[in-house]
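*Asks:*
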Amino acid sequence: MVLNNSRFSVLLLVLVLIKFALSYVSVHPAYEFQRDEYLYLDEANHLAWGFLEVPPALALQAWLTKALGNHWYLVRFWPALFGALTMWVIGLTVKRLQGGWFALALAGIGFLASAYLRINILFQPNALEFLCWSVYFYLLISYLQQPKNKYLYLLGLFIGVGLLNKYSVIFFLAGALPIIALSRYRVVFLKPAFYLAIGLAFLIFLPNLIWQWQHKFPVWQHMQELKATQLDLVKPTDFLKDQLLMSFPGAFIWLAGLIALLLARWARPYAVVGLIYLAVIGIFLWLHGKSYYALGLYPVLLAFGGVVWERIVAMRWQLFLKPILLLIPLLLIAPAVPLLLPVLSPEATARYCQKFKATGILRWEDGQDHLLPQDYADMLGWEEMATLVRQAYAQIPVAERAETIIWCDNYGEAGAVNYYNAKYHLPRAHSTNASYSLWSPPRVNPKVVILVSDEAATDLMPHFKSTQIVGRLNNPLYRESETHVSILREPDQALLQRWNAEIIAERQKFGME
């Protein structure tokens with residue numbers, strides 16, 4: 001038993017370290033940060049209890065990253081850490097279920113050979129989100145085994161933390177609470193500890209809730225915009241297909257876990273876990289959720305699946321089946337690695353992805369196919385864009401720089417310009433897109449505008465005394481392939497009035513007078 005425990009612990013440590021290291025060795029040097037990452041990194045300069053897109057947890061990570069130097073390896077540290085911790089929670093779950101080293105190995109390999117590969121290279125809220133969901137299930141299983149109040153309090157703590165990271169925790173609760181209420185475990189609703197746990201989660205979440213109220217609940221406005229521009233384009237059939245594709249190499253593992261949760265006698269005490277999975281999937285289908293929203297559900301199913309297959313192979317053909325089962329996910333993931341991780345150059349990736357076009361890997365949020373997966377295209381061209389802005393600023397006479405403003409069409413452009421040009425002491429780039437509408441000046445009256453836009457300033461020329469295009473990105477692999485950087489001098493009053501009206505309207509929409 002001591003030997004088995006030692007083997008289990010060593011294997012878990014190895015899996016955790018592999019998961020952590022993959023985030024650093026799996027990105028080709030041609031790729032930069034992804035569009036959203038620049039926005040989240042800029043939150044470090046505007047600390048608050050909330051932002052238009054996300055709660056404040058990511059801003060705290062960005063602030064710590066900035067304090068330590070803002071190097072790329074520090075940015076990658078957070079998703080790498082949360083991915084490694086998710087692997088650790090999978091191991092703890094397997095152990096809770098009395099699984100051995102083989103169950104752990106199979107569940108761990110299933111986790112490695114999946115869409116979590118990409119999730120855990122991006123500085124976004126998803127990595128911590130899926131870790132939190134895995135912790136919720138682990139604590140729920142722990143409570144089902146031993147109904148101790150400490151597990152309820154820990155659930156309250158982590159639910160509060162999860163709400164400060166991403167509001168998707170609400171979907172977990174919307175699926176879990178009705179299922180528990182209809183199960184034999186509904187007695188938990190009679191326990192004072194349950195309501196104390198709810199109170200703890202509420203207290204942790206309260207500062208962000210107050211911020212939402214002060215800013216007219218931008219999360220609702222954000223969701224309405226997301227629904228109109230993206231979610232309504234999601235087809236239920238595509239969502240279900242993607243649940244298999246995102247974890248295809250290890251689908252036989254988590255499907256075995258789900259079937260066991262719903263049908264196996266030994267897993268009957270944990271049936272609520274399987275029913276919660278079905279309930280949350282149903283909610284996402286109803287709301288046209290994006291496919292990756294459901295990724296928080298699979299680590300626990302992988303843990304159960306590992307235990308299921310360990311029980312199966314224990315009955316017969318152990319020496320034969322064990323290596324085959326462990327090799328299947330690795331062999332299946334091998335050809336898909338360039339689709340999940342940017343390990344190849346952009347040009348090589350574009351050629352490789354054409355072979356898998358039918359899977360939808362090249363389909364973007366606009367519903368159209370492009371040359372690269374959207375995340376990959378969103379990781380290109382940013383430093384080149386920031387360099388053009390720097391070149392434009394260098395052309396501005398020193399006497400005019402105090403009256404110069406850098407203005408961008410979208411948050412990715414503004415965030416990238418601020419990230420790459422911080423050490424050059426340029427003015428901060430502004431926008432009315434996303435959270436930048438909270439950070440923009442209340443009014444503008446510049447003498448010179450450095451404009452970063454996906455269109456040339458042709459329509460604006462009549463409103464300026466002079467216009468000059470400094471340069472543009474010209475690479476079809478970039479999502480910002482048509483972005484121009486221009487110098488515009490002395491805007492007329494008509495444009496300034498319209499511009500300021502837009503700024504004021506955007507700020508008032510979120511309670512900024």
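Numbering follows the UniProt record's numbering, in which position 509 of the sequence shown is assigned residue number 509; successive positions increment by one, without gaps. For each residue, glycine too, the CB sits at the ideal point set by N, CA and C.
Which residues in the same chain as phenylalanine 158 place their Cβ atom closer than 8 Å to its Cβ, once the five residues preceding and following it in sequence are excluded?
*Replies:* These residues qualify, in order along the chain: Cys132, Val135, Tyr136, Leu139.
*Asks:* Do the region 427–442 and the region 330–348 touch if we need at least three Cβ pairs shorter than 8 Å?
*Replies:* The region 427–442 vs the region 330–348: no contact.
*Asks:* For phenylalanine 51, which of helix, strand or coil comes out of DSSP?
*Replies:* Phenylalanine 51: coil per DSSP, three-state reduction.
*Asks:* Give the secondary structure of aspartate 366 by DSSP, where H, G and I count as helix, E and B as strand, and everything else as coil.
*Replies:* Three-state DSSP puts aspartate 366 in coil, outside helix and strand.
*Asks:* At which residue ranges does the region 371–429 contain complete beta strand (DSSP E) runs of 3 or more residues, listed in the order of the chain?
*Replies:* Counting whole runs of 3 or more residues, the region 371–429 contains the beta strand (DSSP E) stretches 404–408.
*Asks:* Could you give the distance in angstroms between the alpha-carbon of phenylalanine 77 and the alpha-carbon of isoleucine 333?
*Replies:* If you take the alpha carbons of phenylalanine 77 and isoleucine 333, they lie about 24 Å apart.
*Asks:* Exposed or buried, asparagine 126, counting other C-beta atoms within 10 Å across all chains shown (16 or more means buried)?
*Replies:* Classification of asparagine 126: buried, given that the 10 Å Cβ count is 16 or more.
*Asks:* Name the two residues that bound the continuous alpha helix (DSSP H) containing valine 308.
*Replies:* Note, valine 308: alpha helix (DSSP H), 298–315.
*Asks:* Going by alpha carbons, who is nearest to leucine 258 out of Met246, Pro218, Ala303, Gly296?
*Replies:* Residue Ala303 is the option with its Cα nearest to leucine 258.
*Asks:* Looking at C-alpha atoms only, which residue of Trp101, Leu52, Ile406 is the closest neighbour of tryptophan 309?
*Replies:* For the residues Trp101, Leu52, Ile406, the minimum Cα distance to tryptophan 309 belongs to Trp101.
*Asks:* Taking the beta carbon of tyrosine 277 as the centre, do at least 16 other beta carbons fall within 10 Å, making it buried, or is it exposed?
*Replies:* So tyrosine 277 ends up on the buried side.
*Asks:* Glycine 471 bridges to which residues according to DSSP?
*Replies:* Answer by DSSP bridge pairing, in chain order: Val485.
*Asks:* Note the first and the last residue of the continuous beta strand (DSSP E) segment covering isoleucine 450.
*Replies:* Segment 448–453, the beta strand (DSSP E) holding isoleucine 450.
*Asks:* Looking at C-beta atoms only, is the number of pairs between the region 340–353 and the region 140–149 that lie closer than 8 Å three or more?
*Replies:* Not touching, per the Cβ criterion.
*Asks:* Whole alpha helix (DSSP H) runs in the region 149–229 with 4 or more residues, listed along the chain?
*Replies:* If we require 4 residues or more, the alpha helix (DSSP H) runs fully inside the region 149–229 come out as 149–163, 169–182, 192–214, 218–229.
*Asks:* I'd like the list of long-range same chain contacts for alanine 256, defined as Cβ closer than 7 Å, with 5 residues on each side in sequence excluded.
*Replies:* Taken in chain order, the residues that qualify are Gly305, Val308, Trp309.
*Asks:* Decide yes or no for the touch test of the region 43–55 against the region 426–439: beta carbon pairs closer than 8 Å, at least 3 of them.
*Replies:* The answer is yes - the region 426–439 touches the region 43–55, with three or more Cβ pairs under 8 Å.
*Asks:* Suppose you measure from the CA of arginine 316 to the CA of tryptophan 88; what does that come to, to the nearest Å?
*Replies:* Taking the straight line from one Cα to the other gives about 29 Å.
*Asks:* Given a threshold of 16 other Cβ atoms within 10 Å of its Cβ, counted over all protein chains shown, does arginine 498 qualify as buried or as exposed?
*Replies:* The residue in question, arginine 498, is exposed, as its Cβ has fewer than 16 Cβ neighbours within 10 Å.
*Asks:* Rounded to whole angstroms, what's the CA-CA distance from tyrosine 167 to proline 55? Just pull it up for me.
*Replies:* About 8 Å.
*Asks:* In chain order, what residues of the same chain have a beta carbon less than 7 Å from the beta carbon of valine 470, not counting five sequence neighbours either side?
*Replies:* Answer for valine 470: Leu388, Gln391, Ala392, Val485, Ser486, Ile487, listed in chain order.
*Asks:* Which residues does DSSP list as the beta-bridge partners of serine 6?
*Replies:* Answer by DSSP bridge pairing: none, since serine 6 is not bridged.
*Asks:* Quick check on DSSP: helix, strand or coil for methionine 1?
*Replies:* Any reading at methionine 1 must be qualified, since the residue scores a pLDDT of 43, below 50, and its modelled position is unreliable; no value is offered.
*Asks:* From the DSSP secondary-structure annotation, give me the bridge partner or partners of phenylalanine 130.
*Replies:* In the DSSP output, where bridge partners are listed per residue, phenylalanine 130 has none listed.
*Asks:* Assess contact between the region 410–427 and the region 376–385, defined as three or more Cβ pairs (one per stretch) separated by less than 8 Å. Is contact present?
*Replies:* Short answer: they touch.
*Asks:* Tell me which same chain residues have a C-beta within less than 8 Å of the C-beta of tyrosine 478, skipping the five on either side of it?
*Replies:* Only Ala377, Leu380, Gly381 meet the Cβ criterion.
*Asks:* Does the beta-carbon of proline 236 have 16 or more other beta-carbons within 10 angstroms, so that it is buried, or is it exposed?
*Replies:* Exposed, by the Cβ-count rule.
*Asks:* Short check: CB of leucine 163 to CB of phenylalanine 205, under 8 Å?
*Replies:* Going by C-beta atoms, leucine 163 is nearer than 8 Å to phenylalanine 205.
*Asks:* Inspect the beta-carbon positions of leucine 261 and valine 280 and report whether they are closer than 8 Å.
*Replies:* Taking 8 Å as the Cβ cut-off, leucine 261 and valine 280 do not qualify as a contacting pair.
*Asks:* Mind checking valine 2: buried by the 16 CB within 10 Å criterion, or exposed?
*Replies:* Caution applies to valine 2, whose pLDDT of 45 falls short of 50 and renders its modelled position unreliable; the value that the coordinates give is listed next. Label assigned to valine 2: exposed.
*Asks:* Which residues in the same chain have their Cβ closer than 7 Å to the Cβ of serine 23, if we skip the five residues on either side of it in sequence?
*Replies:* The answer, listed in chain order, is Arg76, Pro79, Ala80, Gly83, Asn120, Ile121.
*Asks:* Would you call the CB atoms of isoleucine 405 and leucine 426 closer than 8 Å?
*Replies:* Taking 8 Å as the Cβ cut-off, isoleucine 405 and leucine 426 do not qualify as a contacting pair.
*Asks:* Could you compute how far the alpha carbon of aspartate 465 sits from the alpha carbon of threonine 458?
*Replies:* A small fix is needed here, since residue 465 is lysine in this sequence, not aspartate. Cα to Cα, the separation comes out at about 13 Å.
*Asks:* Using 8 Å as the Cβ pair cut-off and three pairs as the minimum, do the region 206–226 and the region 170–186 touch?
*Replies:* Short answer: they don't touch.
*Asks:* How many Å lie between phenylalanine 252 and leucine 244 at the Cα?
*Replies:* Computed Cα separation, rounded: 10 Å.
*Asks:* Say whether the region 188–195 touches the region 291–299, bearing in mind that this needs 3 or more beta-carbon pairs closer than 8 Å, one atom from each stretch.
*Replies:* No, the region 188–195 does not touch the region 291–299.
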